[in-house]
Amino acid sequence: MGLNKSKDIKEMRKFDVDLEFGQQWEKHIDEMFSGAKTCEIKTERDKWASTGNICIEIESYGKPSGLTSTEAELWVHNLVKDGELCCSLVFNTDKLRAVMEDMKPYTVMGGDHKASKMHLVNIQKLLKQVGS
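So in the numbering used here the end of the sequence shown lands on 132, straight run, no missing numbers.
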């Protein structure tokens, strides 16, 4: 017998639906890594681990940048601590833009010469908002 040991036809049908659903998202990840989907990749170092916040750039030297200017389909935000990747958050870029608009996060200046305007976003609140 295969992976689904149940002889209940209803359970087997559910397995097929779950399998199809899983395969759809496997394809999505494969497209991410194969380059079929475009990605904007940003990396947070260390501070996020103690504050629970990330910064999402929206402007640099007075011009749209980061989230406001990217044409990428996906926004990938790496969380690195002590030089080691802890996790990567992957967002649909359009969804992330809409969430930022709804959240109206605090804006800070940072980066080289403090020339970049960024949204300061709490990770837990962001994930909760993305899921709603």
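Cβ atoms here follow ideal geometry from the backbone N, Cα and C, with glycine treated the same way.
Ranking Leu-85, Thr-93 and Lys-47 by CA distance to the CA of Gly-66 puts Thr-93 first. Per the Cβ contact rule, the region 80-87 is not in contact with the region 17-36 (fewer than 3 Cβ pairs under 8 angstroms).
Per the coordinates, the alpha-carbon of Cys-86 lies some 23 angstroms from the alpha-carbon of Lys-95. Annotated three-state conformation of Lys-42 is strand, per DSSP.
The beta-bridge partner set that DSSP reports for Trp-75 consists of Glu-40 and Phe-91. If you draw a straight line from the Cα of Ala-49 to the Cα of Gln-124, it is about 12 angstroms long. Per DSSP, Lys-114 has no beta bridge partner at all.
At the C-beta level, Val-121 and Ile-58 stay beyond 8 angstroms of one another.
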